[in-house]
Amino acid sequence: MNAGRGIKTIIGSFFRKRGQMGAQATSASFLVSITFVAVLFAVALSWMLWRFPYHLFSDEVYNVVVVNAPESFVRYNEKTQAYRDKRSKEYGNRTNLWRNLENILSFQYNFDGYGSTKYFYKYNDALYDFVSFGEWMREYDAYLTIVFPEDFDEVVDNRQNGLSDDKPEILTYYRTNSLEYSSMKDEYIDVHLAGYESYIRASYGLAITSFSDSEIVDYPIPTVKNASGIKAVVESLSRNFIPILIFIILLYASMSIGTNVIAGQKERGTFTGILLTPLPRYSIVIGYLGGVVLKAIIPAFCVATVSSLLVGQFSLGGFFALYFYILALEIFIASITILISVINDTVISAQTAFLPIFLTLVAVCVTCIQSVNEREDFYMFLPVHGQFFGIGDVLVGRTNVLGLFVSSLITLILSALIVFITERLLHSERYTVSVDTVDAKAVKRRLEGGKPTAWESINNGYDNLNFFINEAFYPLVVLSVYQTLAIIPVVISYMRKAEYSGFIQDLANVKTINDILNKTFEVFGIFFKDPLFLGLMALGYIAIIVTYFIHAGRIWKIKGFKNKVSACGYPLSDTRHIIRHYALGLLIGFIMMSCTIGIMFFTGQLTFSGFSLNISGIGVFIFNLLMWFPQGASEELMFRGFMLKSFEKRFKPAVGIIASSVVFSALHSLNKGYTPLASVNLVLIAVLFALIYYVTGDIWMTSAIHTAWNLSQGNIYGLLVSGNSSSNSVVTAIYSDNASSLITGGSFGPEGGLATTAVTVVCIVIVAVLLGRKGKKAFPQLL
Amino acid sequence: MIQLIDVHKSYSKDHETIKGVSFEVHEGQIFGLLGPNGAGKTTLMQMIATLMKPTSGQILIDGLSADKSLLEIHRKIGFLTNEIKLDPLSTPNALFDFFANLYDIPKDELRDRRDESFARFGISPFAEKRINELSTGMKQKISIAISLIHNPPVIIFDEPTNGLDILTSKQVTDYLKELRQKGHAIILSTHIFSVAEELCDDIAVLIDGSIVAQGNVNELIALAKANTFEEAFFKIYVENHKE
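Line by line, the protein sequences give chains A and B. By this note's numbering, the letter at position 51 of the first sequence is numbered 51, and the numbering carries on one by one without gaps. By this note's numbering, the letter at position 205 of the second sequence is numbered 988, and the numbering carries on one by one without gaps.
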């Protein structure tokens, strides 16, 4: 058998205009990628254009200390300053936008320094006197020290007169506490010292200087100026933004194409025909792999090429390295998608299965971004990390050839391993012959002449693992979508404020995941005092509720509910019932929280500072109060109204209670101060809510309890709610000096402490008794 | 050509779908598998077509077993079943090219074969139309043409005339007779009695995973002491089917 012809044919089928493999999503994905990159570049550029003043005419003054300056250097500085003043007058009337556009369109990022430079001339007979240089830099608030040798003029003279070939060495010392200083220093050498070199070459007729730079390590000066530079922005684009963009494009394109083959073909019944041909299994796998790689790589190559040109990377070797990194990465991703495609029988299940891998790889990208300035050398050799850093390096013009080959080799070996596994799986009939996975109940119903419920027809294709992943991820996805949407306007409004620049500077010092989390919590601390944020969050929660009504209602309409809303656990028919249950729920929530606070108060964990409601912050207070209502309702809807029921339908109520409670707890795990005890408490609280749901039959009461619990916790007693602080509260609880975080819950708030455990356990017992008394009528088969 | 020796298949521990089936099909013979839904016909066909492995027992195609010479067997068999679908967005021409390449058929040979089967089934006017624009009968005819693109000596057809009108059905049965004439070994599963009666040289009645009767039409009628083939089948079914 000519395997080559078979492989070529399969690859070719990806590019035929007619036929399913060619039609699937790729042109759309290409369009999406290109639009995505265009929009993001537009955002980045507009930010650069408006934010950064044209550097040559910047009003900012940066100080440089010059040690042992020769006369020629002083003269050169005066001359450039005069030129600067002249140009400044000429172009003074132009706007920043226009000046920046001129420079960007002509790809000239190497401006003459950052703002103007003020020189402080000093003398020192040692070239390596770190202590003095450091003191001067602190004294003059300088970011750079240039040290000329004392005999600079003499060496130049000797060289000019042919007495010696020695070149004088000029040393530079710069502050390392900000990334910007490093690129400013580079630019200073590239532009100003190079200008000086040609200046003395013109005077002496010889190239006589050489530059070397060293740095003052960890020089402890508080950051004083908001140094900024277009080069730093370009570097940050190249190292962080473009690599993650390429990753996402590859992941998205590979997923949409890779799940369409094999899994998609199995779904449509066209795969068996291919399996029956005398083509070896490995040819089939390699053919599909090749097709996915070649097709998914096109948008990534386009984006890489455009980005590369945009950031000013024009070298041929650079392009080669860039494409090679992307190719290796794409082969790796494509082999994973093919493996997943073989394991799954439908496109949708394959995509669901790919989701965790998608998220994991994006998470790896995020860790790469965090460590981009601190990375260890061996990162360059790892798959994924190596490609991320490698692409960034290429774009800033520092290709690491060894890293390129080693990381690509390791990545390809891993891919080969995955291909091998995939090939073995294709020999198993479990993954090649479609076996009906319809559950027995549905079969029975169909045999008895009944129609499958919508619920069955949606969930029949799933095995339990996929079902669980689906159910657990759905709230996560919905939450992140709406919360992100709610945060965007707030972030934009903050970017305009002065505090923001200081915050950005602090970000430069972020090193570990913990730092990221702390920074995030810090931001949320600020946001939680902003009515805009609170209002948008409330809207987001309402949107979640509406989404669930539509989604869940579609599935459960048939099950004898009047409408979508009541299918989700909010029956609307009995207004008296609603008012009574909701009011009772609010009261119960308040009492439960008061008991928790009471335990802490009587065990001497905290005291109160009396009435502390701040009248000026009353608007925020009201917004905060309003937010808790949709917040409680949406979380109840997600976990009790929907997830609990889904599990209950598929398995048993007990499974539903446990699964929904565990997921509820897990979703809080990223909150500040989360501890194992907090996770147990959240499970217990969720179990309590679930039991109350079974007692009352709907989620009106639990929604009210949820709202009252959070509201009284944050805005009445002034404590942290799952790690989040509220702006304004009726009283403020103050922890005693000897308070034990085991009881109080520490920085997670009372929900992380034993006081909550005690109250919740007591409540669970009470509700369990109630449930038992209500008996089998209410709930025949809890277990 | 095809040899089944005590073939068993079970999907789960407590239930056996195929319970020890043995038979043989020779060149120039059409072998019919007759049985109600769920008797195990499709499972048996899929095992012969190498898509599944028997739990125990042996299946030999031209003396070859799938464990050792899977790809050679693929070259020798043509398998048609309702489970195998044509890419709905592709065209007959493109599909012919695609599968001809996968079977590694030389270009000029492909042209002849394409011309011949397109002419026989009247596919030519639709050669550039998308599959999803075609009628059920035309799709089936294209499926048949494609499953036999490599001119296999062994033909395994699962319900080939299912859902076809009388004219198309006749075209298919005529073609099968012609193939028998040319010396192909053919296995056919069907639950249409007229087809079985007309075509099959040897018929095995498969009920609940075992062959309960085997022979040509007349032998089966005699065996069941019935007047017609249809009646014979019902008698055999009632005798052998257990709840």
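Yeah, the Cβ is synthetic: ideal placement off N, Cα and C, and Gly gets one too.
### Task
List the residues of chain A that A832(B) touches, going by C-beta distances under 7 Å, in chain order.
Within 7 Å Cβ-Cβ: L276.
### Message
Which same chain residues end up closer than 8 Å to Q483(A) when comparing Cβ atoms and leaving out the 5 residues on each side of it in sequence?
### Response
Result list for Q483(A): M537, G540, in chain order.
### Message
Please report the distance separating the alpha-carbon of N681(A) from that of G803(B).
### Response
Straight across, the Cα-Cα distance linking N681(A) with G803(B) is about 59 Å.
### Query
How many angstroms separate the CA atom of G312(A) from the CA atom of T399(A)?
For the pair G312(A) and T399(A), the Cα-to-Cα distance works out to about 14 Å.
### Message
For L684(A), tell me which candidate among L637(A), Y693(A), I764(A), G569(A) has the shortest Cα-Cα distance.
### Response
When each option's Cα is compared against that of L684(A), the closest is I764(A).
### Query
Hey, out of L878(B), N865(B), I831(B), whose CA is closest to G856(B)'s CA?
Per the sequence shown, residue 856(B) should be read as Ile rather than Gly. Of L878(B), N865(B), I831(B), the smallest CA-CA separation from I856(B) is found for I831(B).
### Query
Is it true that the CB of I418(A) sits closer than 7 Å to the CB of S335(A)?
Against a cut-off of 7 Å, the Cβ pair of I418(A) and S335(A) comes out as a contact.
### 7 Å Cβ cut-off: residues of chain A touching L931(B)
Correct list: empty, because the minimum Cβ distance to chain A is about 12 Å.
### Query
Going straight from the alpha carbon of E911(B) to that of T874(B), what length do you get?
Those two C-alpha atoms are separated by around 5 Å.
### Task
Check the Cβ-Cβ distances between H857(B) and every residue of chain A, and say whether any is below 7 Å.
The C-beta of H857(B) comes closer than 7 Å to at least one C-beta of chain A.
### M784(B) versus G905(B), A928(B), L817(B), H809(B), residue with shortest Cα-Cα distance
Measuring from the Cα of M784(B), the nearest candidate turns out to be H809(B).
### Message
Please report the distance separating the alpha-carbon of T951(B) from that of T825(B).
### Response
In a straight line, the C-alpha of T951(B) is about 23 Å away from that of T825(B).
### Amino acids of chain B, ordered along the chain, whose beta-carbon sits closer than 8 Å to that of V433(A)
What V433(A) touches in chain B: Q829, L834, M835.
### Message
Quick check on the DSSP output: the beta strand (DSSP E) that includes L1003(B) runs from which residue to which?
### Response
Taken as a continuous stretch (DSSP letters only), L1003(B) belongs to no beta strand (DSSP E), being part of the alpha helix (DSSP H) at 1000-1007.
### Task
Taking only beta carbons into account, state which residues of the region 960-993 of chain B come closer than 8 Å to chain D, listed in chain order.
Absent from the structure is chain D; the protein chains it does hold are A and B.
### Query
Along chain B, which residues have their Cβ under 9 Å away from the Cβ of R268(A)?
Within chain B, the residues near R268(A) are K868, D870, P871.
### Message
Please list the terminal residues of the continuous beta strand (DSSP E) segment that includes H581(A).
### Response
Taken as a continuous stretch (DSSP letters only), H581(A) belongs to no beta strand (DSSP E), being part of the alpha helix (DSSP H) at 575-602.
### Query
What is the DSSP secondary structure of T270(A), counted as helix, strand or coil?
T270(A): coil per DSSP, three-state reduction.
### Message
Just to confirm, is the Cβ distance from I286(A) to I7(A) under 7 Å?
### Response
Yes, they are a contact pair.
### Same chain only: Cβ atoms within 8 Å of F623(A), ignoring 5 sequence neighbours per side
If we look at F623(A) and ignore the five residues flanking it on each side, its Cβ neighbours are P531, L534, G535, A538.
#### Entry: Boundaries (first-last residue) of the beta strand (DSSP E) holding Y681(A)
Contrary to the premise, residue 681(A) reads as Asn rather than Tyr in this sequence. In this chain, N681(A) is not harboured by any beta strand (DSSP E); it is covered by the alpha helix (DSSP H) spanning 676-696.
### CB contact check: R430(A) to chain B, cutoff 7 Å
It does not: the Cβ of R430(A) has no partner Cβ on chain B nearer than 7 Å.
### Message
Taking its Cβ as the centre, do 16 or more other Cβ atoms sit within 10 Å of H55(A), making it buried, or is it exposed?
### Response
With a pLDDT of only 40 at H55(A), under 50, the local geometry of the prediction cannot be trusted, and no value is derived from it.
#### Entry: Interface residues of chain A facing N884(B) [CB-CB closer than 7 Å]
Under the 7 Å cutoff, chain A gives R5, G6, T9.
### Task
With DSSP as the reference, label I458(A) as helix, strand or coil.
Model confidence at I458(A) stands at a pLDDT of 48, short of 50, so the residue's coordinates are unreliable and nothing is read from them.
### Task
Mind checking who H791(B) pairs with in its DSSP beta bridge?
Per DSSP, K802(B), S839(B).
### Query
In whole angstroms, what is the alpha-carbon distance linking G4(A) and G291(A)?
The alpha-carbon of G4(A) is positioned some 14 Å away from that of G291(A).
### Query
Looking at chain B, which residues of the region 327-350 of chain A have a Cβ within less than 7 Å of any of its Cβ atoms?
Those residues of the region 327-350 of chain A that come within reach of chain B (Cβ to Cβ, closer than 7 Å) do not exist; the list is empty.
#### Entry: Neighbouring residues, chain B, relative to S182(A) (Cβ below 7 Å)
Here the premise fails: no neighbours, minimum Cβ distance about 55 Å.
### Query
Of all the CB atoms in chain A, is at least one closer than 7 Å to the CB of K1008(B)?
False, the Cβ-Cβ gap to chain A never drops below 7 Å.
### Task
Would you check if the distance between the CB atom of L329(A) and the CB atom of Q370(A) is smaller than 7 Å?
For L329(A) and Q370(A), no; Cβs fall outside 7 Å.
### Message
In this structure, how does DSSP classify S848(B) when only helix, strand and coil are distinguished?
### Response
If DSSP states are grouped into helix, strand and coil, S848(B) belongs with the strands.
### Query
Between R963(B) and G811(B), is the Cβ-Cβ spacing less than 7 Å?
Yes, the Cβ-Cβ distance between R963(B) and G811(B) is below 7 Å.
### Close beta carbons around G585(A), own chain, < 6 Å, minus the five adjacent residues each side
Correct list, in chain order: M701, A704, I705.
### Query
Quick one: which chain B residues come within Cβ less than 8 Å of S13(A)?
Residues of chain B passing the Cβ test: F881.
### Message
I'd like the span of the alpha helix (DSSP H) that includes D891(B), first residue to last.
### Response
Residues 890-904.
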